[in-house]
Amino acid sequence: MRAIVQERYGSPDDLELRDVAKPVAGDDEVLVRVRAASIHPDVWHVVSGRPYVLRLMGAGFSQPRNPIPGTDMAGIVESVGKGVTRFRPGNPVFGETIVSHQWIHGGAFAEYVSVHQDLLALKPDNVTFEQAASVPTSGFIALQNLGGLRQWRPGQRVLINGGGGGVGALALQITKAYGAHATAVDSTSKLGMLRSLGADEVVDYTREDFTRRGVRYDLIFDVPGNHPFSACRRALTPDGRYVLIGHERFGASGQRVFGLIPHFLTLLLLSRVVKQLRGPGFPMTTKKEAIAVLRELLATGKITPVIDSTYHLSEVREAFRHMIEDEIHGKVIITPAAAEA
Ligand SMILES: NC(=O)c1ccc[n+]([C@@H]2O[C@H](COP(=O)([O-])OP(=O)(O)OC[C@H]3O[C@@H](n4cnc5c(N)ncnc54)[C@H](OP(=O)(O)O)[C@@H]3O)[C@@H](O)[C@H]2O)c1
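Structure representation (structure tokens):
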């Protein structure tokens with residue numbers, strides 16, 4: 277099969293389209309013929325091998341352990357392992373290709389990928405393969421950090437900082453689906469998109485600082501983390517909750533060795549004395565639960581993924597450059613179609 281292969285950490289220029297062996301589904305795995313895969317900032321982290329600590333966390337010490345990047349895809353089931361009962365050949369499916377955390381290559385930038393059955397769901401008919409491929413890990417990150425959705429009361433006020441990005445746009449739609457009053461913060465050109473995704477209020481970060489609006493929120497879901505927690509606290513109700521996703525801006529944060537990990541550890545320590553911060557007991561969603569919830573939200577039209585652009589597998593370097601250098605509105609998709617031609 278044709279696949280993108282990376283033999284050393286570096287830049288998108290180190291990615292090459294090659295012929296490699298087609299994977300074989302293990303007992304609990306499903307072999308999927310990929311129709312679409314998506315790029316997100318964590319794929320860049322493993323391509324670049326930064327922060328360096330990810331090399332000790334399973335990505336591969338001196339080179340990527342799995343040479344084929346990509347963690348999110350949608351496609352058609354080709355074959356199933358003997359322990360698989362929920363899927364059969366011909367089913368349209370979508371899901372995430374890695375069982376563990378996101379800082380590892382998952383083999384999705386290929387014509388075929390083998391995926392654990394728990395990480396897959398049937399693709400709803402009302403979304404395209406491109407849309408379905410754009411959702412799995414961003415949706416998982418959003419759900420995991422929204423936590424305890426069943427406890428949500430309609431009308432609770434949520435602020436999504438970075439609401440126009442891959443994770444933020446899904447977090448915005450998920451909180452709206454659960455009845456929240458949502459305020460989304462992003463740049464000027466994304467405000468129309470945020471309104472169309474359901475934001476009740478929008479804030480242009482180039483003109484206004486949300487921490488100084490005099491409005492308090494029950495939840496601040498902070499993707500870029502561009503304000504210190506002490507400033508965000510001004511905009512939280514006394515029982516409100518602050519969650520940081522964090523964004524290293526493709527290396528611009530300058531934290532080459534540990535990335536944002538020290539910052540997260542500081543917040544975790546502070547959570548012992550500040551109840552607005554998430555402590556170790558925060559309810560966590562499993563990937564199996566998340567993909568089922570995401571399927572339901574897609575099928576009922578409660579989340580509508582936005583696609584910025586689609587590139588062929590052979591154009592993967594250009595796709596990465598577009599994500600890193602340009603202002604994107606929605607997700608960037610990779611499709612193996614060109615490799616078939
Ligand atoms: N997407 C995934 O599937 C995924 C999966 C796992 C983990 N993550 C992690 O989650 C983080 C976010 O990923 P993402 O895909 O959501 O990134 P993204 O698409 O780049 O979204 C970040 C958003 O924040 C906006 N932003 C930048 N500076 C801002 C500011 N000062 N105030 C408010 N908004 C600002 C950006 O707008 P501009 O265009 O103006 O910069 C962009 O819309 C990353 O660290 C990533 O590693 C993502």
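The opening position of the sequence shown corresponds to residue 277 in the working numbering, with each subsequent residue numbered one higher.
Ideal placement from N, C-alpha and C gives every residue a C-beta, glycine not left out.
Asked	Found
Check whether the Cβ of G442 sits closer than 7 Å to any heavy atom of ligand 1, and report yes or no.	yes
State whether the region 322-337 contacts the region 406-421, with contact taken as three or more CB pairs (one from each stretch) at a distance under 8 Å.	no
For E616, does the count of other Cβ atoms within 10 angstroms reach 16, so buried, or fall short, so exposed?	Residue confidence for E616 is low, a pLDDT of 44 falling below 50, so the modelled location carries little weight; the figure read from the coordinates is stated next. Burial call: exposed.
Expressed to the nearest angstrom, what Euclidean distance is found between the alpha-carbon atoms of Q531 and P556?	24 Å
Which residue's Cα is closest to the Cα of I374: A384, G366, P368, P365?	A384
Please name the residue, chosen from D485, G455, E484, L446, that lies closest to M469 on a Cα-to-Cα basis.	L446
Spell out the partners DSSP gives Y689 in its beta bridges.	This structure leaves residue 689 out entirely; the chain is present only between 277 and 617.
Start and end of the beta strand (DSSP E) containing H457?	457-462
With a threshold of 7 Å, establish whether the CB of Y481 neighbours any heavy atom of ligand 1.	yes
Please return the same chain residues whose Cβ sits closer than 6 Å to the Cβ of G351, not counting the five positions on each side in sequence.	V308, R309, V310, R311
When you compare the CB positions of V389 and M349, do they come within less than 8 Å of one another, or not?	yes
Taking all protein chains shown into account, do 16 or more other C-beta atoms lie within 10 angstroms of the C-beta of V533, making it buried, or fewer, making it exposed?	exposed
Quick one: grab the DSSP three-state call for M333.	coil
Looking at the secondary structure, which residues open and close the beta strand (DSSP E) in which I356 lies?	Residue 356 is actually Val in this sequence, not Ile. First-last of the beta strand (DSSP E) with V356: 348-356.
Is it the case that the CB of H539 approaches a heavy atom of ligand 1 more closely than 7 Å?	no
Apart from the five residues just before and just after Y493, which ones in its own chain have a Cβ nearer than 8 Å to its Cβ?	R433, V434, L435, T459, A511, L512, T513, G516
Measuring CA to CA, which of L291, V319, I610 is closest to G527?	V319
If you draw a straight line from the alpha carbon of G431 to that of D485, how long is it in whole angstroms?	23 Å
Less than 7 Å separating the Cβ of G438 from some heavy atom of ligand 1?	yes
Using a Cβ-Cβ cut-off of 6 Å (strictly less than) and excluding sequence neighbours within five positions of L520, which residues of its own chain qualify?	D498, G501
Quick check: D394 and V360, are their CB atoms within less than 8 Å of each other?	no
Examine ligand 1 and report whether any of its heavy atoms sits within less than 7 Å of the Cβ of V478.	no
Of the residues R294, A313, F363, I380, which one's Cα is nearest the Cα of G336?	I380
Here's the rule I'm using: 16 or more other beta-carbon atoms within 10 Å means buried, otherwise exposed. How should N402 be labelled?	exposed
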